[in-house]
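Chains D and E are the protein sequences, given in the same order.
Take any residue in the first sequence, note its place counting from 1, add 7, and you have its number in my numbering.
Take any residue in the second sequence, note its place counting from 1, add 1, and you have its number in my numbering.
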Amino acid sequence: MVVVGHSRQDEHRRQKTPLAERAVALLGLVLVLGVAGLLVYYSVAGDRSPADVRVRPVEVIALEGHHLVRFEAFNRGGETAAQVKVVGTLQDRQGRIMEESTVKLDYVPSHSRQSGGLYFQHDPSQGRLRLQAAGYSDP
Amino acid sequence: MTAGALFFAFNVAPTEEMVLIGYKMTPWHALLLLVVSLLIMHAIVYTVGFKGQEPGADGFWPLFFQFSVVGYAIALAVSLGVLWIFGRLHGLGLEVLVMTVIVLGFPAALGAALSRLIL
């Protein structure tokens, strides 16, 4: 209905409106409608699944006196997780826990990634490193 | 309009709350905010009657599409740019990104509309 009214008005002011101005108006309209369309799509078909944060190590960096494990957390769920607690455990070859480090990420929004790091006294390459998200709160 | 949008958006973009609101709202909220922003922009410039109001002889729709919609598109672009400058978009998924841009787009739209009255 809106579009019909618009095109009628278009005819009406064809003579007095410069082409460049009409082009810009069209560009703006396309942009705003695009954003609105995207929001409608997310409202109707968007992912509303609970937050599901997966953590994977990216690299291990040896620093003076300790080791840094850089990790990346990715939220596969449709809801945002806040205060995400990431726990890294380092086990020796017999499966005994040698060391545990934790860190808290402020936010891991839906379908988004956040990165961070954990420090270990022992060398992670000497044992088995496991990273996981222990829990989160709703934002 | 860009200047006004920048002026308002730069002040609030570095704060945590803008992003937090984007996380907490649903797409329906964002859609409503988009419509409200657009209407408020149009109202400020053409109908409320502040000093410096533009003469609205052209009728509602031409004005709305030639100025208000374009102005809001500018406000959204400024919002996106400012968020990017402050590193707020790093790693964000598209849905959250769009919603955050809409949230910051509201003050940016107000700034854009007010700057049209002043300049």
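A virtual CB, placed ideally from N, CA and C, is assigned to each residue, including glycine.
### Message
Against tryptophan 29/E, what residues of chain D qualify as contacts under a CB-to-CB distance less than 7 Å, listed in chain order?
### Response
What tryptophan 29/E touches in chain D, judged by beta-carbon distance under 7 Å, is Ser50, going in chain order.
### Message
How far does the alpha helix (DSSP H) with lysine 25/E in it extend, from its first residue to its last?
### Response
17 to 25 is the extent of the alpha helix (DSSP H) around lysine 25/E.
### Selection from Pro146/D, Val62/D, Gly102/D that minimises the alpha carbon distance to leucine 125/D
Val62/D
### Message
Closer than 7 Å between beta carbons: that is the criterion. Which residues of the segment 114 to 141 of chain D meet it against chain E?
### Response
Tyr114, Pro116, Ser117, His118, Ser119, Arg120, Gln121
### Task
Report the rounded CA-to-CA distance for valine 67/D versus valine 93/D, giving the unit in angstroms.
16 Å
### Query
Using the beta-carbon count (16 or more within 10 Å), is serine 56/D buried or exposed?
exposed
### Task
Give me the Cα-Cα distance between glycine 1/E and serine 144/D, rounded to the nearest whole angstrom.
Nothing about residue 1/E can be reported from this structure: the residues present for chain E run from 2 to 120 only.
### Query
Straight-line CA distance for phenylalanine 9/E to glycine 112/E?
5 Å
### Query
Where glutamine 128/D and glutamate 107/D are concerned, what is the direct C-alpha to C-alpha distance, given to the nearest angstrom?
10 Å
### Query
Taking the alpha carbon of leucine 93/E as the point to measure from, which residue in Glu79/D, Ala140/D, Tyr48/D has its own alpha carbon closest?
Glu79/D
### Message
If I follow the unbroken beta strand (DSSP E) through tyrosine 143/D, where does it start and stop?
### Response
135 to 144
### Query
By the 10 Å Cβ neighbour count, where 16 or more other Cβ atoms means buried, how is methionine 117/E classified, buried or exposed?
As written in the sequence, residue 117/E is arginine, which differs from the methionine given in the question. Buried, by the Cβ-count rule.
### Message
Against chain E, with Cβ distances strictly below 8 Å, would alanine 30/D count as a contact?
### Response
No, alanine 30/D does not count as interfacial toward chain E.
### Query
Cβ atoms of valine 104/E and valine 22/E: under 8 Å apart, would you say?
The question names valine, yet the displayed sequence has isoleucine at residue 22/E. Yes, the pair counts as a contact, with Cβ atoms nearer than the cut-off.
### Near-chain D residues of the segment 9 to 27 of chain E - C-beta to any C-beta below 9 Å
Glu17, Val20, Leu21, Gly23, Tyr24, Lys25, Thr27
#### Entry: Backbone CA spacing between leucine 26/D and tyrosine 73/E [nearest angstrom]
Distance between the alpha carbons of leucine 26/D and tyrosine 73/E is about 20 Å.
### Query
Quick one: is valine 36/E buried, meaning 16 or more other Cβ sit within 10 Å of its Cβ, or exposed?
exposed
### Query
Would a check of beta-carbon distances place glycine 5/E closer than 8 Å to chain D?
no
#### Entry: Closest Cα partner of proline 146/D within the set Val20/E, Pro108/E, Leu40/E
Val20/E
### Query
Roughly how many angstroms lie between the CA atoms of proline 131/D and lysine 25/E, to the nearest whole one?
37 Å
### Query
Residues of chain E with CB under 8 Å from proline 146/D, in chain order?
Neighbourhood of proline 146/D in chain E, by CB distance below 8 Å: Leu21, Tyr24, Lys25, in chain order.
### Task
Identify whether glutamate 71/D lies in helix, strand or coil by the three-state DSSP scheme.
coil
### Message
Looking at chain E, is there any beta carbon in it that lies within less than 8 Å of the beta carbon of valine 47/D?
### Response
Closer than 8 Å: yes.
### Task
Taking the CB atoms as reference points, tell me whether serine 80/E and valine 102/E lie closer together than 8 Å.
yes
### Query
Any beta-carbon of chain E closer than 8 Å to the one on alanine 43/D?
yes
### Message
Could you tell me the alpha carbon to alpha carbon distance between leucine 90/E and phenylalanine 66/E, rounded to whole angstroms?
### Response
29 Å
### Query
For glycine 123/D, which residues does DSSP report across the bridge?
Phe78/D
### Message
Here's the rule I'm using: 16 or more other beta-carbon atoms within 10 Å means buried, otherwise exposed. How should serine 122/D be labelled?
### Response
exposed
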